[in-house]
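K.L.:
Quick one: structure below, then a few questions.
In the working numbering, the protein residues as written are 1 to 419.
Have a look at this one:
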């Protein structure tokens, strides 16, 4: 998940194949169990016990080209190792009486993987970065007897894990370049792996139907902070010169416990939908994410504090604009499509190999099959990240200038059963 596939920064919005087919514009539709993620109020309008499960197959292609005006990166290239990611999801909803519905969902709201082919010139900034999350959300929703208004809430238990890896070279002012091949001298590698740590959050949603052909939906997912404990393994890399290795070794920090934290953003979603055109369901959503909470990535070394480091991020809040359409072909088949435009929250000076984010545009197409008790949704989603350059102003933390090009392809599949 280069940053993320479907949400600004490292947010993941592909938590249901139907919603993904509609470009993520689902807050005012919310008519399958994935409403637990998109707008929890929507489960109140679903009057059958239902189960839905699936995932999204994500493939990324990312390329880096060094800045021709930068003495360090000029002429350099790099790309991600090939990885396939499958963030899973599963939901169960159980109506009680005519107005109340309970539910529980398991999903992956955030994720990051930037794993560069090694060796590459950016290894002193990042070789690998991996953030994994999984959330479990028990939920409850209530609707009025006429079904025109619904409200819902959920308690989110989120677990997460962080992995970071990079190499170290000799400090500036020393002879840190091999005179025979012009390459920087690698003296150590550091691999940081946290425990699975956790926090609690909450979310709410409302759904209002002002008329028989119009719906308005809104949801809010609260911010969270997760504090991580873990360990860093520091391994010396032989330089080929035993005397130099002996001089370097005392200056390397030992493997030791570490601590870090991530401030996850809040997400507010507002959608409006209509069925005014026969057999069509159209929706437009705006999603606001408070990425300004992501100020820095600070890693504390607990045995040798001087070895700790901070990567300033200073992200901005961002908006995403989504449009989706569902066309009912017959009682068994639907076809869907969606469009997405997502603004990056990342300032130009903080673009780096750790997470090279950019504005993104996406188009999706999907089908829905429902027969008897069974439901099957499948989606193809193409995502293009705009070319992103550091413009020669990379921050002092990174000091790594160049241009990143990213594209992604996502295939979502969900299978459901209505009891």
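Positions of the beta carbon are idealized from the N, C-alpha and C atoms, including for glycine. Just so it is clear, the structure is predicted and the values come from calculations on it, not from any experiment.
Using three-state DSSP, classify residue 280 as helix, strand or coil.
P.N.:
In this structure, residue 280 counts as strand in the three-state DSSP scheme.
K.L.:
What first and last residue would you give for the alpha helix (DSSP H) that runs through residue 210?
P.N.:
Careful: residue 210 lies outside any alpha helix (DSSP H), inside the beta strand (DSSP E) at 197-211.
K.L.:
Taking 8 Å as the threshold, find out whether the segment 223-237 comes into contact with the segment 248-263 through three or more Cβ pairs.
P.N.:
Yes: at least three Cβ pairs fall under 8 Å.
K.L.:
How many Å lie between residue 79 and residue 150 at the Cα?
P.N.:
If you take the alpha carbons of residue 79 and residue 150, they lie about 47 Å apart.
K.L.:
Taking 7 Å as the limit between beta carbons, can you name the residues of its chain near residue 409, skipping five residues before and five after?
P.N.:
Taken in chain order, the residues that qualify are 59, 382.
K.L.:
For residue 163 and residue 318, I'd like the C-alpha separation in whole angstroms.
P.N.:
If you take the alpha carbons of residue 163 and residue 318, they lie about 26 Å apart.
K.L.:
Measuring straight from C-alpha to C-alpha, what distance separates residue 74 and residue 356?
P.N.:
Roughly 18 Å between the two C-alpha positions.
K.L.:
Using the beta-carbon count (16 or more within 10 Å), is residue 326 buried or exposed?
P.N.:
Buried is the call here.
K.L.:
Under the three-state reduction of DSSP, which class applies to residue 350: helix, strand or coil?
P.N.:
Residue 350 falls in the helix class under three-state DSSP.
K.L.:
As a quick exercise: from 126, 138, 117, 18, pick the residue whose alpha carbon is nearest that of residue 105.
P.N.:
Ranking the options by Cα distance to residue 105, first place goes to 138.
K.L.:
What's the gap between the Cα of residue 1 and the Cα of residue 128?
P.N.:
With a pLDDT of 43 at residue 1, under the threshold of 50, the predicted position of this residue should be treated as unreliable, though the coordinate-derived value follows. Approximately 12 Å between the Cα atoms of the pair.
K.L.:
Please state the DSSP three-state secondary structure of residue 96.
P.N.:
Residue 96 falls in the strand class under three-state DSSP.
K.L.:
By DSSP, does residue 243 sit in helix, in strand, or in coil?
P.N.:
In this structure, residue 243 counts as helix in the three-state DSSP scheme.
K.L.:
Helix, strand or coil for residue 237 per DSSP?
P.N.:
The answer is coil: DSSP assigns residue 237 none of H, G, I, E or B.
K.L.:
Name the two residues that bound the continuous beta strand (DSSP E) containing residue 51.
P.N.:
Looking at the DSSP string, the run of the beta strand (DSSP E) that includes residue 51 is 50-66.
K.L.:
Just verifying my parser: in three-state terms, what is the DSSP assignment at residue 229?
P.N.:
Reduced to three states, the DSSP call for residue 229 is strand.
K.L.:
Between which two residues does the beta strand (DSSP E) containing residue 411 stretch?
P.N.:
Residue 411 -> beta strand (DSSP E) spans 402-418.
K.L.:
Where do the N-terminal and C-terminal ends of the beta strand (DSSP E) with residue 131 fall, by residue?
P.N.:
Counting along the chain, the beta strand (DSSP E) containing residue 131 begins and ends at 128-143.
K.L.:
Per DSSP, what kind of secondary structure is residue 296 in: helix, strand or coil?
P.N.:
In this structure, residue 296 counts as strand in the three-state DSSP scheme.
K.L.:
Could you tell me the alpha carbon to alpha carbon distance between residue 223 and residue 10, rounded to whole angstroms?
P.N.:
Using only the alpha carbons, I get a separation of about 14 Å.
K.L.:
Take residue 98 as the anchor and find which of 141, 386, 341 has the nearest alpha-carbon.
P.N.:
It is 141.
K.L.:
For residue 361, list the residues DSSP reports as bridge partners.
P.N.:
DSSP output for residue 361 lists 341, 384 as bridge partner(s).
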